[in-house]
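Chains as they are written, first to last, in this note's numbering: chain A, 27 to 359; chain B, 35 to 259; chain C, 222 to 343; chain D, 14 to 563.
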Amino acid sequence: MLMTFLGQTGLQHLGGAAALFPVQPPDASTIAGGVDQLYYLLTGVTVFFSVLIFSIIFYFMIKYRRRAPDEVPPETHAPLALELAWTLIPSAICVVIFFWASYLYVRNARPPAASTEIFVIGKQWMWHIQHPEGPREINELHVPVNQPVELTMTSQDVIHDFYIPAFRVKKDVLPARYTSLWFQATKVGTYHIYCAQYCGTNHSEMIGWVYVMSPTDYAAWLAGGEQNESMSASGEHLFSLLGCSSCHAGAGQTGTGPSLAGIYGQSEKFSDGSEHLVDDTLIRQAIVQPDSVQLPNYKNIMPTFKGQLSEEQMLQLIAYVKSLGAEERKNGQ
Amino acid sequence: MSDAATDHAHPPGFAHQFETIEQQREAGSLGMWVFLMTEILFFGGMFTAYTVYRALHFGSFEAGSHLLLWKFGMTNTAVLIVSSLTMALAIRSAQTGQKKGTTITWLILTMILGAAFIGIKLYFEWYNDWKEGLVPGLHWIASPEHTPGVEQFFCFYFFMTGLHAIHMVIGLGILTVLVIMTARNKFSPEYYAPLEISGLYWHFVDIVWIFLFPLLYLIGGRYQH
Amino acid sequence: MSDSHEHSVGHVVPISVYLAVFVALLAGTALTTGVAFIDLGPLNTPIALLIAFIKMTLVILFFMHVKYQPGLTRLAIICAFFWLGIMMTLTLSDELTRSWEMNPKPWSVLMPHIPHLARFFF
Amino acid sequence: MSELPESLPVQAPHLNYLNSTYGIRSWLLTKDHKRIGLLYLATITIMFIFGGLAAFFMRLHLIEPQGALVEPETYNKLFTIHGVIMVFFFLVPSIPATLGNFCIPLMIGARDVAFPKLNLLSWYVFITGCSLALVAIFSGGIDTGWTFYTPYSSTYSHTAVVWMASGIFIAGFSSILTGLNFVVTIHKMRAPGLTWFRLPLFIWAMYATSIIFILGTPVIAITLFLLGLETLLHVGIFDPALGGDPLLFQHMFWFYSHPAVYIMILPGMGVVSELVTAFSRKKIFGYAFVAFSSMAIAVISFIVWGHHMFVTGQSVYAGLVFSVLSFLVAIPSAVKVFNWTATLYKGSISYEAPMLYALGFIGLFTIGGLTGLFLASLATDVHLNGTYFVVAHFHYVMVGGAVMAYLGGLHYWWPKITGRMYPDVWARIAATIIFLGFNLTFFPQFVLGYMGMPRRYAIYPAEFQVLNVLSSAGASILAVGYAIPLIYLIWSMRYGPIAPQNPWGAKGLEWENASSPPVTENFEVMPVVTEEAYNYQPHNYQGTEGAHGV
């Protein structure tokens, strides 16, 4: 822990010069502080060992320089204790770092239950963002301060990566799959969004801004601008428009297909005996490749909707299925 | 081989960089085994990808497997096992100093069996798959039976059996060279290393098929049908 | 080097051994196929692979003469399969656990998956 | 050794591998491992120049935030070409195929490698791969990044992906054949008395490297084969639109490409073990630990690849497993650094150019290795992955490590290879310039990465400009540093003073038993080994056996 202390004080002294010559990104989420502390520890370890090795080498270079061409140096032995020491001490340091880093990672991997879910679609070379309440934006993300936000992300083409350095969060955005990341912004301000996975010609222009707003500003922003219906409402329209509702009837009724009420987040047994968690990716798979998601007691008759839905419509359907789950759970209790 | 001709003190086939013929034989054998390690990982990459998709899309792989003709798969397994036996006997014949005609007979028998394997594969299986539109990327006829998952299974079926068949063809080439070398009296009980290490290769190709047969033809068993 | 000729010839395997191995391999093939027609539930694939593994061992030991060779050859074979095992296990460690939830008690997440996993590992 | 000759040197007097036969045929059909090593040297030098030029233009472009030189499309091709060429066609074959080919038989007291024809074949395979790569570059280039991530490479990129993939596929077989040759040579061709624990550590390192060649390279071959098939046939192997999993490509790619980093650095570690002992006249500190750490690195390198994928949507559980395994590889690397440093203790240290490179290697590799901890740690990797921090880290390992060691080794064995000395003053100046230029180029990139600048950006926000300009300035110094050895080494081949058999007073069969340059089959009298490696204190020899429990 001495390292942390050294690292932090060192960086704080640098802080004065930081305005002229920034060496540190802004620190604007609940996650950032923990990551930075670990970063300082690692910097401390790196500086300590590098300085150690460099100084020893310089000292030996001068002290033991060759003084005569035919000099024969004395023999030295490698004591086992020394070898063990410099095997075991680095191991111990690594163990500490591993547990610390993993603790932070696992903690940061789980969004809090109360998170607001915002949807992100990456495409060459822009970010489409849709709020559950309806507003859409491109390359901009407005979020309220001090409130956990979960991003559910997918890509329309290649792999992208959603990266907000100020929050110390990053996650690849994959086609045909949903990944998520979450953060809770702590400071009102404007921060960079980057695509951090190479995605083609204009990869470096796939950038944008996060606007962290006070709750009142955020509410005002949601109320202003274009007014769309909420995502789950759009999903519900699609659900009947595409004819899904004719087979997937509501809760309590029996249809040609299984009821989707309350199915989200459950573990379902397939007809081949395997068990799968119903998540965003599985719902998507059921829509584009229904034969691969077969529940027992139902016939394999659902047509594929592959190529008929945009990624945005897909997200709306998923949002709708999720909302069914939410209602079901509420009704159940 | 030209190295050997210059040094008459050594047995035929002896290469100058070695100290003894035994060292050369051990080096050759180890070299082949190291090459087979590479081959195991080469096929292994394919098997890994296969295992992942089989695990993720088990139903489709099962359905795809049931479209294959297991009788030909089984026949070909037997054909390859016989060819491994004849290969082993060819080596044994050179090793024990039998007449070169005996060695050549076993080698040619091995070649015939290898060619039979490829023939069965090509005519009764691949040609049939082509007619039925089961060749992904080149001739795939989508239908309710031929789902994208089944297509993926057939990708692996063709890549794996194709890669195996390429190895068989290379093996036939090697066997041809061996027949010529035997006919030219290159081998003796002291020096038959090329035969031995080619045998290792041939048996390896056989082993790959021993795994391919159940993994491709018998997924999920055949008892439902 | 003439005095070491005896040694350099290598082990001559009796024909009877070759024939026995050959018969065992054919029997193994028949057995593999036969077992596929019996419903053994999740055991079909493991049994087929077990038979394939035994067949491979026979080929390696007798046809490929490893039984009569130094340990180095065996080490090479074991290494190759060990590395293949590394590749498969660690790749599957991702592919098959992706949809698992993060849970404060990882073991409770792992338990229900074990029968499912076992089936795909074999 | 440092004075330049005043008069033109006379021809090397004895018959050796260079003057025994003449003519282009005698080189192109040679089976001599030394000549094949030189063929490789020429080939990879050409490839290095291509890769270096691409890097130079990239750094020039990045002087301005909006890009000073080229369109983003061209920039993407530049960094792809730089990566592919440097990784697959320079760094992977660099030390193994040149110094390894030249030195292994000499160091173990053999006439040649076990399979000389295969050795020549592997060079032809390699130049076939190189040619295909150059075809790919000149037929429009390739813009996928050296990692070829799908589905961009298989479906969306309209560049010469298949050409480049075939080039790497074919060059891979050259690696496999070289590794095979080395393993068999080291197992079966050692001189009488040369037991495993008397082997020079360079041999241990090359053995470990060969194992990675043999077990890793076939997997990249099959992966690129599948990628090529998917690109040509549009079947669903890795493309999620067709039911494939793009992360499976990443798994299979990194199964080779992470160990490939150790293909680059392990031989460098071997070279440094030779240099540190030779120029401090000391037995290596903790021989067994250094030898076994090479083997440990070779094995562990295969189980850490998932740390490239912590943010790719890989399972959290797999992330934890790969993280803990990644920390494991730090331990043998640390053991090596400590042992090299301790070897200097009470030594008789001289500072010829090879030693400067070796000491530079230890320092830069220490930084490169320690910054690896940031990327093995899950929480910090989430922030740093895909940024310039990663770029800086692996350049510290591959350029600060592998290239420094390669240059050090080349200078060390140059008198043996050519029979000529190079001007040591120039060599020391070049080594210093490279060290300084390197640090100026890559240190600012650590800071850039922590501040969040993603890699592979053709244009970037203005606040990163100062650090980028510093980095580009360093790159121009580095370019000068690399040009100097190219000039004086070529000069020395004709005009350098004749080298004595053992100019450094080093131990080892290649110095003590072979002339400079060696004869065609290496030794006039086949050597017999009676002592441990690096036995610089012969009068004390009796007491050393088993000092560290070997």
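Every residue, glycine too, gets a C-beta built ideally from N, C-alpha and C.
Determine, using beta carbons only, whether residue i and residue j come nearer to each other than 8 Å.
i: P467 (chain D); j: L200 (chain A); result: no
i: M277 (chain D); j: A218 (chain D); result: no
i: Q50 (chain A); j: M464 (chain D); result: yes
i: T254 (chain C); j: M108 (chain B); result: yes
i: T233 (chain D); j: F266 (chain D); result: Going by the sequence as given, residue 233 (chain D) is Ile instead of Thr. Yes, they are a contact pair.
i: Q458 (chain D); j: A405 (chain D); result: yes
i: T356 (chain D); j: K295 (chain D); result: yes
i: Y244 (chain A); j: H168 (chain A); result: yes
i: F387 (chain D); j: L377 (chain D); result: no
i: G319 (chain D); j: A331 (chain D); result: yes
i: I490 (chain D); j: L449 (chain D); result: yes
i: K134 (chain B); j: A217 (chain B); result: yes
i: P316 (chain A); j: T330 (chain A); result: yes
List the whole-angstrom C-beta distance separating residue i from residue j, where the pair is believed to meet the contact cut-off of C-beta under 8 Å.
i: L242 (chain D); j: L75 (chain B); result: No, L242 (chain D) and L75 (chain B) are not in contact; Cβ-Cβ is about 19 Å, not under 8 Å.
i: S135 (chain D); j: I57 (chain D); result: Contact doesn't hold; Cβ gap of about 13 Å is too wide.
i: L522 (chain D); j: P540 (chain D); result: 5 Å
i: F536 (chain D); j: G462 (chain D); result: About 51 Å separates the two Cβ atoms, so there is no contact after all.
i: L453 (chain D); j: G494 (chain D); result: Contact flag wrong, Cβ pair sits at about 11 Å.
i: M60 (chain D); j: C116 (chain D); result: Their Cβ separation, rounded to whole angstroms, is 21 Å, which puts M60 (chain D) and C116 (chain D) out of contact at 8 Å.
i: Y217 (chain A); j: A54 (chain A); result: 6 Å
i: Y289 (chain C); j: L119 (chain B); result: Going by Cβ atoms, the distance from Y289 (chain C) to L119 (chain B) rounds to 18 Å, so no, they are not a contact pair.
i: D45 (chain D); j: D125 (chain D); result: 7 Å
i: G150 (chain A); j: D183 (chain A); result: At residue 150 (chain A) the sequence reads Gln, which differs from the Gly that was named. About 5 Å separates the two Cβ atoms, so the contact holds.
How far does the beta strand (DSSP E) with residue i in it extend, from its first residue to its last?
i: H168 (chain A); result: 166 to 170
i: L177 (chain A); result: 174 to 181
i: M152 (chain A); result: 152 to 156
i: S240 (chain A); result: Careful: S240 (chain A) lies outside any beta strand (DSSP E) and carries neither H nor E.
i: G215 (chain A); result: 215 to 221
i: S206 (chain A); result: 205 to 210
i: T142 (chain A); result: 142 to 149
Using the Cα positions of residue i and residue j, report the straight-line distance between them to the nearest angstrom.
i: P116 (chain A); j: S76 (chain A); result: 13 Å
i: M35 (chain B); j: G180 (chain D); result: Reliability fails at M35 (chain B), whose pLDDT of 37 lies under 50, so the model's placement of it is uncertain and the value that follows must be treated cautiously. Going by the C-alpha atoms only, they are around 31 Å apart.
i: M506 (chain D); j: Y364 (chain D); result: 23 Å
i: Y549 (chain D); j: L119 (chain D); result: 19 Å
i: N357 (chain A); j: G288 (chain A); result: Any reading at N357 (chain A) is ruled out, since the residue's pLDDT is 49, under 50, leaving its predicted position unreliable.
i: V289 (chain D); j: I115 (chain B); result: 55 Å
i: A81 (chain D); j: H171 (chain D); result: 25 Å
i: F102 (chain D); j: I497 (chain D); result: 22 Å
i: T294 (chain C); j: A128 (chain B); result: 22 Å
i: T178 (chain A); j: L66 (chain D); result: 42 Å
i: I316 (chain D); j: G385 (chain D); result: 15 Å
i: E73 (chain B); j: N165 (chain A); result: 48 Å
i: G205 (chain B); j: K130 (chain D); result: 20 Å
i: S33 (chain D); j: V532 (chain D); result: 8 Å
i: A124 (chain B); j: H201 (chain B); result: 20 Å
i: Q79 (chain D); j: I208 (chain B); result: 59 Å
i: V97 (chain D); j: T236 (chain D); result: 16 Å
Go to residue i, then tell me how far its alpha helix (DSSP H) extends in each direction, as first and last residue.
i: L42 (chain D); result: Element bounds for L42 (chain D): n/a, residue is neither H nor E.
Problem set entry | Interface positions of the region 152 to 171 of chain A facing chain D (Cβ-Cβ less than 7 Å), listed along the chain | none
Exercise. Given a limit of 8 Å on CB to CB distance, which residues of the region 206 to 231 of chain D reach chain B?
Worked result: I227, L228, G229, T230, P231
Exercise. Residues in the region 307 to 319 of chain A with C-beta within 7 Å of chain B's C-beta atoms, listed in sequence order?
Worked result: Q315, D317, S318
Problem set entry | Where the region 181 to 194 of chain B meets chain A: residues whose CB sits under 7 Å from a CB there | T181, P182, G183
For this session: Could you run through the region 266 to 284 of chain C and flag, in chain order, every residue whose CB is less than 8 Å away from some CB of chain D?
Result: none
For this session: Check each residue of the region 74 to 94 of chain A: if its Cβ is closer than 7 Å to any Cβ of chain D, include it; give the result in chain order.
Result: F75, S76, I79, F80, I82, I83, F86, M87, Y90, R91, R92
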